[in-house]
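*Asks:* Below: one structure in structure tokens.
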Amino acid sequence: MSARLIEREKQLGTLNELLGSAMRGRGRVAVINGAVASGKTSLLQQFTDEALSAGALVLEASGSRSERYLPFGILRRILDSAGHLSPEVHAYAAELLDLAAEETEQAAEGTEAGMRVMPHLSTALLRLARNRTIVIAVDDVHHGDELSLHFLLCLARRVRQARVLIVLTEAVRLRPAQLAFHAELQRQPNCTSLRLRLLTPDGTAGVLGDHLPEATVRRLSAGIHQTTGGNPLLLEALLEDGPAAAPGDTFRQAVLDCLHRGDPEMLTAARGVAVLGDGCSAVQLGHIVDLHVKPTEQALQDLERCGVLHQGAFRSPAAREAVLDAAPPAALSALHLRAAKLLHHEGAACLDVARHLVAARKNVEEWAIPVLQEAAEYALIDDKDELALRCWELAVASCPEGPRRAALKSRLVSLVWRSSPAAAESHLRQLCRELAAGRLSDRDVIQAVSALVWMGQIEGTGEALRHQLVSADPAYAPATLATARTWLTAISPPLAALLTDTGPAAGPRPSAADARVAGGPAAASYDAADCAYVQAAEAVLTALRERRADAAMSEATQVLQRYHLGDRTVQPLVIALLTLVYAGRLDLALAWCERLLGECSARNAPTWHAALGVVRAEIALRRGDLPGAAAQARQALSRICTQSWGVGIALPLSILIEAEVQMGNHEEAMNLLEQPVPEAMFSTFLGLHYLRARGRCHLATGRYHGALRDFLTCGELMEAWDMDAVELVPWRLDAAEAWLALGNTGRAREYAEQQSRRDTGIEGSRSRGALLLMLARTGGDLTYRLKRLTEAVEVLEGGEDRLQFAVALGELGQAYRALGDFNRARILVRKAWHVAKSCGAEPLCRQFMPGGQAGAEPAEGAGREAELPKETEVLSEAEARVALLAARGHTNREIATKLYVTVSTVEQHLTRIYRKLHVKRRRDLPARLSDLSLTGAA
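Printed below as a string of structure tokens:
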């Protein structure tokens, strides 16, 4: 059974009883009322079908809102449906109607002229009922014209003794003009009213039972009833959308059908509720939809009656979406603007006001710009970055040209930069012009400079800053210009010549204290953030120019301790982390990097993640974790598009290239070199990382002259920029390695000795170990090589660079092999192989194992006479732990305490260890474990 006839059996039975009465000559009138889409039309159609089956003559008509003012509209349709039965009656009635219509148009009292023909028309219709029962069915009679309604009243008064049944459907709420007709009809003694209500939960379940399995009905019926409110039209539409009974296109269209069937105020009010949201009052709603309170309340009641709303809110989000999607854009925009004004006037939260301003998609008035600014900041706090971005964009678009717009634009750039620096590039070009014109605030200058430099607009930024520096009356405070110059020249050292001694604002590099006090009390609001740039620049210059590692570490740590991660501090914090790397404090850099990544883990800031992630990858590379470095660099690259990296692309590419080279993936490294990079990158100290990585790739693939050219270019730039720090790029050692590859040991020794005289590196540093390795390679006699290699192993063993340590171990083992000490050589080479394997350095593993497979342990050294017994069994993990501790001299009780086992368990392990290793005494374990190359057995 159709959803529109469920729970309508009683009303249908009543109509059939009234039909039976009419057939017996007792004419009746039935009025069916109900909410929009409650099933009035379906009930009427079902009844008329049954009446036809019973032999009655059915004359049908329906009211229409568009024909409400057409005289005799409903009556003509009634007569037209009877024309084929009695042409004489139809012709007579048509003639009367034409005459009455003509008199109505001419007479001042048109209704009176029409009323004169009513008795004649009624008599003509009643004449048809002498031989056959007549059912006059009029749907939506509340849309009928005035004269047709008068006719129906006239006829209703005359059918009590006729075989006539009049069935009318009407809305629950009637207009004032319809109330008189309704009241007069209801006072007729032969009139019966039938009320149709929406389906109950049981009725909804009954409808679902005809379409879905019983278990599904039990599971879904309550939710579906809540969604549809028992509206039969919405329920049928929901079922048509699919077996899941989830709102779809059919349901959305049904919602719109409901609204268009009702009075225009229903649709207007529904749009207002969709815009203003749940819980709005009739007064608020009337204000934004431009209706008086009473019509607004009535429209809300109609929406509740038809099941679209429940307690002032849409029952389904899909219904709200349908209303908004179908609304004309201009009307929707006007509603949002009115809602924003209303909420602002009533003191609503700025976020609520801003949502409407943004949704209006039009430039706003002056009062709304501060609201958008405040809402954007709150949205950022609540991690609603998209809303914040839309607020700033609208504020910028609505603000006239001038300093205020420039400030808004600067804030917008910082917000866009979080997720995509490339998307901010168009704004950056304008910011560069604003910088040169002096329209930025002092607070925004340094942030604009840092964003411009990141995107590679270095030359233009330098010219804009120089324009202010040479001005006799600069627009910015001297401390602001000095801070910007310090940051700019720290990142791009070639600009130092352009920005030095350029005018009244020029001066020495400011300290953090200078920046804090330079602007006086008025500058305090922004100087604190600017100091992050000053301190970070000071720290990195201390590391790279002054080469004072401890001082640089201290300054960088102060930056990291003092400033929280934010739009104005992320770049200084990244530079501070790199400073710790250059100072040789990888442990400290890693700890701070992980902490900062944790801080931004809950933030929607891909650029922050990428910038911090690439520093973590650099740390992994310098610690010898090649797979980790490559994975982290790729993850950082995936956070933002390549264009968004700007000049910063040097870091992830250089890390990936160097890691792939050392892992033996030369083809992948060469492919990475094909990726385009910005030319401006080579004028920053970050570009040196890329040049060095390219040189290392050329060296590994046999392009020795290309490698040498890249290394020497690094050296020329570093010397010209006064940044000749070995921890940045060890170009002399790289050049020495290239000369060795070219067979020129003398030139290689020359570069190694230059580095030795210049800087020996800090105690335990990777650069010191690398220098000792190169001195050993370029040394003359074997004794000298052994001494240097031994020193290198001692230095690197306490450091963090496991890869350099593996190289030093391997070369020391090869030196001992050359000396004829095969046993010591074998131990060192095996240990080097294991360390290289843990680093993922497959080429190094193959170098330590000529002719073998990189995945297998190295073969015995040359001259090795005895091999391990083939019957030697492998120790289990637990046995290996016991064996190692026993070899180091621990007693059985001490071993049991360390491993949290009993002494008896230790004794049993030792028994099996002796048997497997073919030893008889405890003191034989160290030598035997060395043969097996167990970790820690040296």
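Note that the sequence shown covers residues 398 to 1335 in the numbering used here. In this text, a Cβ means the ideal position worked out from N, Cα and C, and glycines have one as well. Owing to the predicted nature of the structure, the values given are computational and were not obtained by experimental measurement.
1) Report buried or exposed for Leu1018, applying the criterion of at least 16 other Cβ atoms within 10 angstroms of its Cβ.
2) So, with DSSP's three-state summary, where would you put Phe703?
3) Which residues mark the beginning and the end of the beta strand (DSSP E) in which Leu866 is found?
4) Quick check on DSSP: helix, strand or coil for Asn430?
5) Tell me whether Pro586 is buried or exposed, calling it buried when 16 or more other Cβ atoms sit within 10 Å of its Cβ.
6) Can you determine whether any heavy atom of the ligand SAM sits closer than 6 Å to the C-beta of Arg425, and answer yes or no?
7) Tell me which same chain residues have a C-beta within less than 6 Å of the C-beta of Glu464, skipping the five on either side of it?
8) In the structure shown, what three-state DSSP assignment does Ala1256 receive?
9) Candidates Leu941, Glu943, Leu938, Leu987: which alpha carbon is nearest Leu957's?
10) Just checking, does the segment 1164-1179 make contact with the segment 1190-1197 on the three C-beta pairs under 8 Å criterion?
11) Could you give the first and the last residue of the continuous alpha helix (DSSP H) run that contains Val1190?
12) Pull up the CB-CB distance for Asp780 and Arg1000, whole angstroms please, since I reckon it's below 8 Å.
13) Report yes if the CB atom of Thr1081 is closer than 7 Å to the CB atom of Ser889, and no otherwise.
14) Report the option in Phe1202, Leu632, Arg1290, Thr1180 whose CA atom is closest to the CA atom of Val1190.
15) I think Leu962 touches Leu970, with their Cβ atoms under 8 Å apart; what is that distance to the nearest whole Å?
16) Please go through the segment 788-829 and give each complete alpha helix (DSSP H) segment of 4 or more residues, from N-terminal end onward.
17) Looking at the structure shown, is Ala1324 part of a helix, part of a strand, or coil, going by DSSP?
18) Classify Cys677 as helix, strand or coil using the three-state DSSP reduction.
19) So Ala1066 and Val1058 are in contact, right, with Cβ under 8 Å, and what is the actual spacing, rounded?
20) In the structure shown, what three-state DSSP assignment does Leu552 receive?
21) Which residues in the same chain have their Cβ closer than 8 Å to the Cβ of Asp1341, if we skip the five residues on either side of it in sequence?
22) Based on the DSSP secondary-structure assignment, which residues constitute the bridge partners of Leu454?
23) Count the other CB atoms within 10 Å of the CB of Gly669; is the residue buried (16 or more) or exposed (fewer)?
24) Can you find at least 3 beta carbon pairs, one from the segment 535-542 and one from the segment 624-631, that sit closer than 8 Å?
25) Between the alpha carbons of Leu402 and Ser795, how many angstroms are there, rounded?
26) How about the segment 649-663 and the segment 715-729: do they share at least three Cβ pairs that are nearer than 8 Å?
27) Just to check my reading of the structure: Gly422 and Gln558 have Cβ atoms closer than 8 Å, yes? What is that Cβ distance to the nearest angstrom?
28) Run through the segment 1067-1107 for me and flag every whole alpha helix (DSSP H) of 4 or more residues, listed as ranges in chain order.
29) Indicate whether Ala719 and Asp675 have their beta-carbon atoms separated by less than 7 Å.
30) Thinking C-alpha only, which one of Cys703, Leu1296, Ala1028 is nearest Val1011?
31) Assuming Val1340 contacts Ala893 (C-beta within less than 8 Å), just tell me the rounded distance between them.
32) Compute the distance between the beta-carbons of Arg836 and Pro871, then report whether it is under 7 Å.
33) Between which two residues does the beta strand (DSSP E) harbouring Ser461 extend?
34) Looking at the secondary structure, which residues open and close the beta strand (DSSP E) in which Cys747 lies?
35) For Ala1008, collect the residues of the same chain with a Cβ closer than 6 Å to its Cβ; drop the 5 residues on either side in sequence, then sort them by chain order.
36) Distance, Cα to Cα, Asp599 vs Gly606?
*Replies:* The answer reads as follows:
1) Stepping through the sequence shown from its first residue, residue 1018 is reached at position 621. It counts as buried.
2) In the sequence shown, counting from the first residue as 1, residue 703 sits at position 306. The sequence shown places Cys at residue 703, not Phe. Correct three-state label for Cys703: coil.
3) Sequence index remark: in the sequence shown, residue 866 carries index 469 (1-based). Premise fails: Leu866 lies in the alpha helix (DSSP H), 855-866, not in any beta strand (DSSP E).
4) On the sequence shown, position 33 is the one that residue 430 refers to. Asn430 falls in the strand class under three-state DSSP.
5) On the sequence shown, position 189 is the one that residue 586 refers to. Burial call: exposed.
6) Among the components modelled here there is no ligand, and therefore nothing to report on the ligand SAM.
7) Walking along the sequence shown from the start, residue 464 turns up at place 67. Closer than 6 Å at the Cβ level, and outside the excluded window around Glu464, lie Gly470.
8) As a working note, residue 1256 is residue 859 in the sequence shown. Unreliable positioning characterises Ala1256 in this predicted model, as indicated by a pLDDT of 45, which lies under 50. The coordinate reading is nonetheless provided below. Residue state, collapsed to three classes: coil.
9) As a first step, residue 957 is located in the sequence shown; it is residue number 560 there, counting from the start. It is Leu987.
10) yes
11) Stepping through the sequence shown from its first residue, residue 1190 is reached at position 793. That run of the alpha helix (DSSP H) goes 1179-1194.
12) Within the sequence shown, the letter at position 383 stands for residue 780. Within the sequence shown, the letter at position 603 stands for residue 1000. Contact flag correct, Cβ pair sits at about 7 Å.
13) Your numbering for residue 1081 matches position 684 in the sequence shown. Your numbering for residue 889 matches position 492 in the sequence shown. Yes, the Cβ-Cβ distance between Thr1081 and Ser889 is below 7 Å.
14) Working through the sequence shown from its first residue, we reach residue 1190 at position 793. Here the closest residue by C-alpha is Phe1202.
15) Against the sequence shown, residue 962 aligns to sequence position 565. Against the sequence shown, residue 970 aligns to sequence position 573. So it is a contact: roughly 6 Å between Cβ atoms.
16) 800-816
17) Mapped onto the sequence shown, residue 1324 falls at position 927. DSSP places Ala1324 in helix when its eight states are reduced to three.
18) In the sequence shown, the residue the question calls residue 677 occupies position 280. Looking at Cys677 - three-state DSSP - the assignment turns out to be coil, as it is neither helix nor strand.
19) Residue 1066 sits at position 669 when you count from the first residue of the sequence shown. Residue 1058 sits at position 661 when you count from the first residue of the sequence shown. Yes, Ala1066 and Val1058 are in contact; Cβ-Cβ is about 5 Å, under 8 Å.
20) On the sequence shown, position 155 is the one that residue 552 refers to. Residue state, collapsed to three classes: helix.
21) Because the chain in this structure spans residues 398 to 1335, residue 1341 falls outside the shown range and cannot be described.
22) Reading the sequence shown from its first residue, position 57 is the one you call residue 454. In DSSP, Leu454 forms a bridge with Ile531.
23) Numbered from 1 along the sequence shown, position 272 holds the residue referred to as residue 669. Label assigned to Gly669: buried.
24) no
25) As a first step, residue 402 is located in the sequence shown; it is residue number 5 there, counting from the start. As a first step, residue 795 is located in the sequence shown; it is residue number 398 there, counting from the start. For Leu402 and Ser795, the distance between alpha carbons rounds to 55 Å.
26) yes
27) Position 25 of the sequence shown, counted from the start, is the residue given in the question as residue 422. Position 161 of the sequence shown, counted from the start, is the residue given in the question as residue 558. About 7 Å; that satisfies the 8 Å criterion.
28) 1083-1097
29) Position 322 of the sequence shown, counted from the start, is the residue given in the question as residue 719. Position 278 of the sequence shown, counted from the start, is the residue given in the question as residue 675. Going by C-beta atoms, Ala719 is not nearer than 7 Å to Asp675.
30) Translated into positions along the sequence shown, residue 1011 becomes position 614. For Val1011, the nearest C-alpha among the options comes from Ala1028.
31) Since the first residue shown for the chain is 398 and the last is 1335, residue 1340 is missing from the structure and cannot be characterised.
32) Here residue 836 refers to the residue found at position 439 when the sequence shown is read from its first residue. Here residue 871 refers to the residue found at position 474 when the sequence shown is read from its first residue. Going by C-beta atoms, Arg836 is not nearer than 7 Å to Pro871.
33) Numbered from its first residue, the sequence shown carries residue 461 at position 64. Element bounds for Ser461: n/a, residue is neither H nor E.
34) As a working note, residue 747 is residue 350 in the sequence shown. Per DSSP, Cys747 belongs to no beta strand (DSSP E); it is in the alpha helix (DSSP H), 747-757.
35) The count along the sequence shown starts at 1 and reaches residue 1008 at position 611. Cβ within range, chain order: Val971.
36) Sequence index remark: in the sequence shown, residue 599 carries index 202 (1-based). Sequence index remark: in the sequence shown, residue 606 carries index 209 (1-based). Straight-line Cα distance between these residues: approximately 10 Å.
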